[in-house]
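Trainee: I have a structure I would like to understand better, so I am pasting it below and will then ask my questions one at a time.
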Amino acid sequence: VGMVIGPQEVASAKQEGIFDFNRSLPVPRSALIASDATVALLTALPGMLVALLVANARFDLALNISPLVVPAILLTAFAAVGLGYGIGYGLSPAVARMMSQLVVFVALMFSPITFPASRLPDWFAAVHQVLPFQYMAESVRDT
């Protein structure tokens, strides 16, 4: 949510003038990003929990949930929001929207989240060693 919706929200805010208005408010800029990150996290959590319940019911999983799941989810969510807002802040609105769609495409279809990296060509597996998608998925799955 944060890596895809964030750049699109920033792009829209830039085009509508909301971005400049928010930056003129007498609050730290980190507070603006923290509020957006909180909304992104709260938006993503119900879907994640429902997906976990459906997967548990369908595949009869034996879940051993670690207390480290909370920091893993928070770090993953804040990293995704940080990347998304970095794209939104650093690029023009049109390019930010295009990049957010590219992130969705690459993250969901061509990254070792739902399949092992060994199924990728060697050069593409090497690319994913520097991209965060695989590590984000592993940190949440492992906890």
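The number in the numbering used here is simply the position in the sequence shown, starting from 1, with 16 added. Glycine is no exception: its CB is placed at the ideal position from the N, C-alpha and C atoms. Keep in mind it's a predicted model, so treat the numbers as computed, not measured.
The alpha helix (DSSP H) that contains residue 87, what's its start and end?
Mentor: Per DSSP, residue 87 belongs to the alpha helix (DSSP H) from 85 to 106.
Trainee: Out of curiosity, what's the CA-to-CA distance linking residue 55 and residue 25?
Mentor: One C-alpha to the other measures close to 12 Å.
Trainee: Quick check on this structure: which residue in 63, 68, 42 and 35 has the alpha carbon closest to the alpha carbon of residue 239?
Mentor: Residue 239 falls outside the range modelled here, since the chain spans only 17 to 159, and no answer is possible.
Trainee: Checking 9 Å against the spacing of the C-beta atoms, do residue 159 and residue 82 come in under that value?
Mentor: Cβ distance < 9 Å, so residue 159 and residue 82 count as in contact.
Trainee: Note down, one range per segment and in chain order, each alpha helix (DSSP H) of at least 4 residues found wholly within the stretch 102 to 150.
Mentor: The stretch 102 to 150 contains these whole alpha helix (DSSP H) runs: 109 to 125 and 138 to 144.
Trainee: Taking the alpha-carbon positions, what's the residue 6 to residue 134 distance?
Mentor: The chain is shown only over 17 to 159; residue 6 falls outside these bounds and no answer can be derived.
Trainee: Residue 29 and residue 113: beta carbons closer than 9 Å?
Mentor: No, Cβ-Cβ distance for residue 29 and residue 113 is not below 9 Å.
Trainee: Would a C-beta distance cut-off of 9 Å place residue 64 and residue 89 closer than the cut-off?
Mentor: Yes, the pair counts as a contact, with Cβ atoms nearer than the cut-off.
Trainee: Quick check on residue 10: buried or exposed, where buried means 16 or more other Cβ atoms within 10 Å of its Cβ?
Mentor: Any property of residue 10 remains undetermined from this structure, which presents the chain solely from 17 to 159.
Trainee: May I ask you to report which of helix, strand or coil DSSP gives residue 59?
Mentor: Residue state, collapsed to three classes: helix.
Trainee: Since residue 100 and residue 33 are thought to touch, with beta carbons under 8 Å apart, how far apart are those beta carbons, to the nearest angstrom?
Mentor: No, residue 100 and residue 33 are not in contact; Cβ-Cβ is about 21 Å, not under 8 Å.
Trainee: Helix, strand or coil, according to DSSP, for residue 159 in the structure here?
Mentor: Three-state DSSP puts residue 159 in coil, outside helix and strand.
Trainee: Let me know the secondary structure DSSP gives residue 70 once reduced to three states.
Mentor: Residue 70: helix per DSSP, three-state reduction.
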